[in-house]
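Residue numbers (the numbering used here): 1 to 454.
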């Protein structure tokens, strides 16, 4: 298989470039947003409103009219539209969430909500997930306002609440109750794509997300006969739930390749000079992954469904056998794998344990041969000619799931250039989350270029 061809630059020669003010602002906005604690523990206590007001003020300062929307008090979303030059073109949605997962300051070397800029790095919760992208968007569109640049398509901006939990107060609320604000949007971009992935031997990859596995968070319940802990009990709910959890944890799921993952395997194999037919029905996927070195990490989590037990709850005293026991499982489902997932869970839980969805969301796929994907590829190649853009499927999910209800095809595209040894994926929800200043500068340049070209 030949190496993937480079993509022509669709806005080559255009005058607009990112100015020094935008480069300063992307760093300052990232730091400022980190300092606004929007921790979302999933208990409804998060308040994104201060961050939403910060975003709205910076949009309004640039003459971009923001709309603030809430389903629950303090759970604020911001939506704005920038008119394009081609009224016949479909609109593009650019969305980022304002909430973050909690952080324990005692575990960090830098306070997680300090937003400290030190040694060319911005530190704090949200530096990667995803206040950096929020800041890039703000810096790019504010420069457009200063310089009179207009994109070809209408750009709809959405800064959302509640992505780190159910999205009921964020993108779900917007999609279900304010669809009119997204009129004309057919495609969207958001987090978890176009970051530098160092694949060894000096190879730099930029994976663009063109799919997401579906979310299948499950609650398992076992019922039995309550009794004294010293007595024989063949109807023990704890034993039943433990056996079901063990079966789920040990299950080997079969390979199920989607078009996005198959395309990723093909491009990665070509870049590694591996001769293989990824369309072959007898393709040994695990063997191919073993030949891809570090690149396999981009694909391995998404070649099959998965189910990981995560929580157990039962009993209240050591000598009392409880009448029920509960477990929770984090399931993820490849596009098209929903029926297999349900049938398999029925088999693994067995007749003595029931299960239901604690939370579920759809799997997504996006075409990798679209003009929008080509524009993303060209924007990366413009600013890193040595980089190789490849498609991939996210193992988890984003707000793109909710916006898909409106017919929006979602891509993961929040560009960052990262030095070797910087483990981008490990910093999602991790300790000492941070982002290089130069990575932000690269990101806002690429984002600006893409949004003008798309």
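Positions of the beta carbon are idealized from the N, C-alpha and C atoms, including for glycine.
It should be emphasised that the depicted structure is a prediction, and the values quoted were computed from it without experimental measurement.
Asked: For residue 252, the three-state DSSP class (helix, strand or coil); Found: coil
Asked: Inter-residue spacing [alpha-carbon to alpha-carbon] between residue 440 and residue 105; Found: 24 Å
Asked: For residue 128, the first and last residue of its enclosing beta strand (DSSP E); Found: Note, residue 128: premise wrong, no beta strand (DSSP E); not H, not E.
Asked: CA-to-CA distance, residue 79 to residue 181, given in whole angstroms; Found: 8 Å
Asked: Between the CA atoms of residue 454 and residue 410 - distance to the nearest angstrom; Found: 14 Å
Asked: Three-state secondary structure (DSSP) of residue 216; Found: strand
Asked: Cut-off 8 Å between Cβ atoms - residues of its own chain near residue 35, not counting five sequence neighbours on either side; Found: 113, 114, 115, 124
Asked: Meets three-Cβ-pair contact criterion under 8 Å: the stretch 84 to 104 and the stretch 41 to 48; Found: yes
Asked: Buried versus exposed call for residue 252 [16 or more other C-beta atoms within 10 Å across all chains shown]; Found: exposed
Asked: Sequence-distant residues of its chain with Cβ nearer than 6 Å to residue 337 (five each side left out); Found: 256, 305
Asked: Residue environment, residue 3, which counts as buried when at least 16 other CB atoms sit within 10 Å; Found: Bear in mind that the predicted position of residue 3 carries a pLDDT of just 44, short of 50, making it unreliable; the figure below should be weighed with that in mind. By the 10 Å Cβ count, residue 3 comes out exposed.
Asked: Candidates 429, 38, 60, of which the one nearest residue 50 by Cα; Found: 38
Asked: Stretch-stretch touch, CB-based, cutoff 8 Å, three pairs: the stretch 210 to 228 with the stretch 394 to 407; Found: yes
Asked: Three or more C-beta pairs below 8 Å linking the stretch 373 to 380 and the stretch 228 to 244; Found: no
Asked: Rounded straight-line distance, which links the Cα of residue 68 to that of residue 412; Found: 24 Å
Asked: Within 8 Å, strictly: CB atoms of residue 424 and residue 128; Found: yes
Asked: Residues bridged to residue 68 (per DSSP); Found: 78
Asked: Entirely enclosed beta strand (DSSP E) segments - the stretch 304 to 379, minimum 3 residues; Found: 306 to 314, 324 to 333, 353 to 361
Asked: Opposing strand residues paired with residue 434 [DSSP bridges]; Found: 123
Asked: For residue 94, the first and last residue of its enclosing beta strand (DSSP E); Found: 91 to 97
Asked: Residue closest to residue 94, alpha-carbon to alpha-carbon, out of 288, 197, 171; Found: 171
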